[in-house]
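Residue numbers (the UniProt record's numbering): 1 to 108.
Here's what the structure looks like:
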């Protein structure tokens, strides 16, 4: 997790879940064969909804049916990942991410 927003999202997710039993409802597989699930905290809160409201995740309508789109902060769809790397002079992070994605795709 080399990207600043990725680290923030990971930390927030850990904070939300720490010490709690999370339930996962299998909803399918993505195009890469990875499990897609709805995850809930013991009090019933949807983890995806919580992360979207925090601005640390975006709605993925293909899997959510658009359930979280209205929870996104107004500027959430801006290209934060690339913009952050540019602002911090860290284009190497973005380039490493793209190179890694290309390598994974080539192995398939």
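Every residue gets a Cβ at the ideal spot worked out from N, C-alpha and C, and that includes glycine. Predicted, not measured: the structure shown is a model, and the values here were computed from it.
Counted as a single uninterrupted DSSP element, the alpha helix (DSSP H) harbouring residue 52 occupies residues 47-53. Excluding its 5 nearest sequence neighbours in each direction, residue 73 has C-beta neighbours in its own chain below 7 Å: 55, listed in chain order. Nearest neighbour of residue 22 by Cα position, chosen from 12, 8, 53, 38, turns out to be 38.
CA-to-CA, the gap between residue 12 and residue 47 works out to about 10 Å. For the options 27, 45, 57, 31, the alpha carbon positioned closest to that of residue 8 is the one of 57. In this structure residue 50 is buried. Its beta-carbon is surrounded by 16 or more other beta-carbon atoms within 10 angstroms.
Comparing alpha carbon positions, the residue from 34, 97, 70, 103 closest to residue 5 is 97. A check of alpha carbon separations from residue 104 across 32, 24, 27 identifies 32 as the nearest. For residue 76, the CB contacts under 8 Å within the same chain, skipping 5 residues up- and downstream, are 52, 55, 58 in chain order.
Sixteen is the threshold: when 16 or more other Cβ atoms of the shown chains lie within 10 Å of the Cβ of residue 71, as they do, the residue is buried. Residue pairing for residue 23: DSSP places it in a beta bridge opposite 40.
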